[in-house]
Amino acid sequence: MNQSKTLNQALLKNTKNPELAWQIFKRIHLNPTSSSFSSQSSLKLIAHILIRAKMYPQLTTLHTHLLHQQSSPTSLFSLILIIAKSRLVDEAVSQFQSTRKRFPEVLPPVYLYNVLLESSIRESKVEWVGVLYKDMIISGVSPEVYTFNLLIRGLCDSGHLEDARKVFDKMSERGCKPNEFSFGILVRGYCRAGRCEEGLSILDEMRGVGLVPNKVVYNTLISSFCKEGKDDEAENLVEKMRGDGLSPDVVTFNARISVLCRAGKMLEASRIFRDMQTDKALGLPRPNIVTYNVMLDGFCKAGMVEEAETLVNTMKKNDVLMTLETYNIWLMGLVRKGRLLESQSVLKELVEKGLEPNVYSFNILVDGLCKNGMLSDAKMMIRLMKNRGLQPDTITYSSLLQGYCSRSMIDKANNILNEMMRMGCFPNIYTCNILLHSLWNEGKLPEAESLLQKMNEKGYDLDTVTCNIVIRGLCKNGKLDKAIGIVDGMWTYGKAALGDLGNMYIGLIDSKGDDENCVPDLVTYSIIIKELCEAGRLEDAKKKLVEMVGKKLYPDSVIYNIFIYNYCKIGKVSSAFRVLKEMEKREIDKTLQTYNSLIMGLATKKQIFEMYGLLGEMRERGVTPTISTYNIIMGCLCDAGQTNDAMSLLNEMLQKGVAPNIHSFCLLIKAFCGEGEYRPAQEVFEVAISACGHKEGLYSCLFNELLLGGEIVEAGELFELALDQHLYIGKFNYKEVIDRLCKNETLDDAIKILHKLISKGYSFESAAFLPVIDALRSTGKKHESDKFADRMLSMSAEQNVTNKVRDDITGGSQLKQKKDESDWKNIIHRDGSAITLKALRRVQKGWGQGSILDLAPSRRDKSDYWEDAV
């Protein structure tokens with residue numbers, strides 16, 4: 000006894016020096032002369048010391064010695080219990096099996112079986128459950144109710160529900176009456192498998208044996224029915240719960256609210272949450288921190304940041320303890336909405352409240368900053384993170400890497416990758432895919448191929464995402480057929496299909512990885528189908544659609560939209576609507592792109608009534624029209640001469656909060672000017688300036704339309720305003736307006752424009768002087784004419800010097816062509832500008848004439864069809 004006590008003291012003294020503790024224990028009890036081991040306390044102490052130090056080989060040595068020492072099975076069972084409770088299941092079962100072989104006549108206690116079963120289930124080692132139960136029955140040890148409950152739980156967790164039910168039914172045969180936990184485990188198993196109705200039927204079985212379901216069983220069922228959207232069944236269960244004398248608790252309501260939030264039903268979730276806060280008369284439970292976090296997460300994910308902010312302020316006002324999880328949810332919500340300055344303030348507040356941000360907190364901010372191009376701020380955030388003793392992880396570096404790659408800063412991205420590896424934070428497949436995608440996008444094919452080879456050599460399990468990046472890269476670089484070949488090969492060879500890229504990838508063909516993770520998916524086919532359509536190979540695209548359906552991959556809205564867009568683009572609108580019908584038949588929601596493509600197609604056929612019909616359907620379905628939607632319809636209305644209707648659409652845009660762009664206003668300006676309505680056009684221009692600012696596109700649009708319509712003075716005045724705004728004049732036909740002013744006996748206005756061009760420091764074509772020089776000479780103002788001639792020659796000399804410098808750099812071929820073209824234009828401008836303008840107006844008028852296309856589809860359009868292949 001004294002020896003045992005001394006040993007225990009020595010072991011306790013050396014718990015922080017496990018090697019020495021083991022040596023002391025061995026010297027006393029594991030030498031050949033030692034007698035049979037008797038001290039259970041010493042055995043437990045050394046076992047715990049070895050497990051904490053992860054000295055697993057020594058545990059095996061200890062067990063082996065106890066077996067050879069003819070120790071009592073009790074000592075061996077004690078060691079196995081300690082190992083099993085320490086989550087070392089494989090070691091515990093192995094020692095148990097060797098002990099059973101050494102002492103087959105000794106019955107292990109049922110408690111030991113229970114611990115081993117529980118540990119196996121907890122560590123997801125379900126394969127041991129059957130082995131242990133079989134040994135238990137063979138040895139004659141009678142299972143307890145607790146044993147059966149463990150078996151049922153293990154079978155349910157592994158998806159063997161039918162076997163779990165059989166074990167449940169055999170409990171009575173073994174003399175064990177199922178308790179409320181037995182029923183509850185089975186109910187949870189059915190609910191997790193999506194078989195709520197069967198789980199519900201177990202409630203009647205419980206009542207049949209005199210048991211009343213507890214809150215856990217009810218809450219499990221209520222949560223499951225809510226997840227499946229069966230709100231009525233969930234409500235009935237709440238009433239049954241009350242009928243059994245159980246009041247729904249906060250867990251019940253949290254389950255309901257959580258499911259509603261995940262489904263995006265924030266209005267319903269908010270109503271329940273409000274009742275919990277205010278309606279004390281109904282006896283509802285008060286919300287706890289879980290309730291608040293679930294609601295906050297729901298608001299943030301639904302993009303309802305204002306509501307989320309109100310909830311946060313309510314929590315602060317009501318002294319609800321905000322946890323780190325609360326702050327992380329709020330940080331994520333702000334970052335998603337781009338409110339980065341506020342998110343950094345929240346991080347500061349978190350620290351001031353005495354909470355310590357974790358790596359996830361910083362990763363939220365780093366990712367948000369990188370996605371918004373604020374890379375310097377992101378790096379500063381990482382430095383702050385390190386200052387707080389937190390090391391960036393793979394996600395941190397991957398966010399930074401993606402930030403640099405998205406801005407084509409490949410060299411800096413490589414530096415981040417090297418820094419990441421220096422810090423012992425090795426990239427994962429996601430990190431490598433980011434860099435690979437960027438290299439393909441930049442057209443750096445050798446570097447991309449080299450990275451792909453290194454990824455394979457380093458043992459990265461190349462996945463479908465990797466293959467999709469390669470396929471997209473090949474398509475972008477004009478190797479569509481090669482990309483199709485890889486897609487075809489993926490079904491048979493998985494990632495080894497990348498060996499088709501060339502000899503340097505031949506090693507991929509011999510890879511032994513799990514290629515089930517590397518088969519084509521919807522993204523793969525959307526890439527190929529899009530590229531085939533854009534290449535005009537719609538028949539091949541349809542064949543790929545049939546192929547994917549044959550592989551049990553069913554098209555989503557993205558793939559349907561590709562076909563709809565491309566049919567509309569080439570004028571096959573009836574074919575696009577056939578695709579739409581197929582889409583509706585499969586109950587796939589129409590997206591904004593679906594509607595915009597169809598409206599674009601209808602616009603080519605001038606089918607205005609049908610376009611308005613789609614616009615109305617969009618509003619009914621909650622799909623908000625964008626500026627592109629409105630511009631397509633406005634353009635069609637303007638082309639059809641329905642300018643007033645187009646103006647009404649512009650007013651609707653402004654009322655709906657859809658900001659018109661320059662193109663929107665230019666459509667109306669051109670339409671009004673085309674009808675000779677210059678005053679309304681100028682009014683639209685004024686509205687456009689207030690909405691978009693003084694943009695060159697707006698000024699040049701109205702200027703050129705006024706010039707085309709013969710409103711020369713107004714065009715000249717507008718050009719002067721453009722000069723006052725220092726706008727680019729490349730798209731203004733200023734030579735024409737100067738020439739026309741001279742010929743319309745408004746020479747002073749032309750001279751005024753020239754003086755303003757010079758005084759504002761503009762570099763313009765010297766040929767613009769010619770009409771003024773000619774006009775001055777014809778009126779006898781030789782002195783003024785000579786001044787302008789001198790200025791023109793001076794400007795020409797300066798331009799020649801500039802051109803010579805450019806010729807020296809570029810070889811001059813392109814500039815010679817431009818110079819010749821400029822000289823030709825000068826001749827036309829001086830000697831025949833009136834004839835040229837007249838011809839241009841005649842052509843413009845001719846192009847604008849003709850009847851509106853028939854609203855019915857063309858003959859060729861009718862002959863096309865959407866194959867009923869899917």
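End of the sequence shown sits at 869 in numbering that gives the first Met the number 0; the numbers just go up one at a time, nothing left out.
Where is the CB? At the ideal position from N, CA and C, for every residue including glycine.
| Check | Outcome |
| --- | --- |
| Sequence-distant residues of its chain with Cβ nearer than 7 Å to Ser77 (five each side left out) | Gln39, Leu42, Lys43 |
| Selection from Asn630, Ser556, Leu717 that minimises the alpha carbon distance to Glu685 | Leu717 |
| Cβ-Cβ distance between Leu116 and Val128 below 8 Å | yes |
| Contact set for Leu896: own chain, Cβ-Cβ below 7 Å, skip 5 residues either direction | Look at the range of the chain in this structure, 0 to 869, and you will see that residue 896 is not part of it. |
| Range covered by the alpha helix (DSSP H) that runs through Leu87 | Counting along the chain, Leu87 falls outside any alpha helix (DSSP H), and DSSP gives it neither H nor E. |
| Span of the alpha helix (DSSP H), counted from its first residue to its last, around Met384 | 374-386 |
| Buried or exposed by the 16-neighbour rule on C-beta atoms within 10 Å, applied to Ala658 | exposed |
| Same chain, Cβ closer than 7 Å to Ala268, neighbours up to 5 away in sequence not counted | Ile256, Leu259, Cys260, Met294, Gly297 |
| Per-residue DSSP class, three states only, for Leu444 | helix |
| Environment of Thr491 [buried if 16+ CB atoms lie within 10 Å] | exposed |
| Close beta carbons around Leu11, own chain, < 8 Å, minus the five adjacent residues each side | Leu44 |
| Assumed close pair Ser119, Leu106 - CB separation to whole angstroms, cut-off 8 Å | About 20 Å separates the two Cβ atoms, so there is no contact after all. |
| Which listed residue (His28, Val92, Asn427) has its alpha carbon closest to that of Leu65 | His28 |
| Pro17 (DSSP reduced to helix, strand or coil) | helix |
| Arg678 classed as buried or exposed, judged by whether at least 16 other C-beta atoms fall within 10 angstroms | exposed |
| CB contact flag (Ser397, Glu441, <8 Å) | no |
| Inside the region 188-248 only - beta strand (DSSP E) runs reaching at least 3 residues | none |
| Close beta carbons around His725, own chain, < 8 Å, minus the five adjacent residues each side | Lys759 |
| The region 441-453 in contact with the region 417-427 per 3-pair CB rule at 8 Å | no |
| His828 versus Met599 - alpha carbon distance | At His828, the pLDDT of 37 sits below 50, so the modelled position is not reliable; the number obtained from the coordinates is stated separately. Their Cα atoms are separated by approximately 39 Å. |
| Alpha helix (DSSP H) runs wholly inside the region 627-677, at least 4 long, in chain order | 642-655, 661-673 |
| Chain-order list of residues whose beta-carbon lies under 6 Å from that of Asp785 (same chain, five-residue window excluded) | none |
| C-alpha gap between Met794 and Lys669, whole angstroms | 35 Å |
| Ile587 classed as buried or exposed, judged by whether at least 16 other C-beta atoms fall within 10 angstroms | buried |
| Three-state class that DSSP yields for Leu424 in the structure shown | The displayed chain sequence assigns Cys, not Leu, to residue 424. DSSP places Cys424 in coil when its eight states are reduced to three. |
| Residue span of the alpha helix (DSSP H) that contains Lys162, given as start and end | The displayed chain sequence assigns Asp, not Lys, to residue 162. Counting along the chain, the alpha helix (DSSP H) containing Asp162 begins and ends at 160-169. |
| Limits of the unbroken alpha helix (DSSP H) element including Arg739 | 733-742 |
| Simplified DSSP state of Ile485, which is helix, strand or coil | helix |
| Cβ-Cβ distance between Ile711 and Asn743 below 8 Å | yes |
| Three-way DSSP call (helix, strand, coil) for Arg406 in this model | coil |
| Distance between beta carbons of Thr590 and Asp520, contact taken as under 8 Å | Their Cβ separation, rounded to whole angstroms, is 19 Å, which puts Asp520 and Thr590 out of contact at 8 Å. |
| Enclosing alpha helix (DSSP H) for Val130 [first to last residue] | 126-138 |
| Residue interval of the alpha helix (DSSP H) (run including Arg51) | 39-51 |
| Inter-stretch contact (C-beta, 8 Å, three-pair minimum) for the region 350-359 and the region 370-378 | no |
| Inter-residue spacing [alpha-carbon to alpha-carbon] between Val545 and Gly477 | 24 Å |
| Straight-line Cα distance separating Ile381 from Gly193 | 43 Å |
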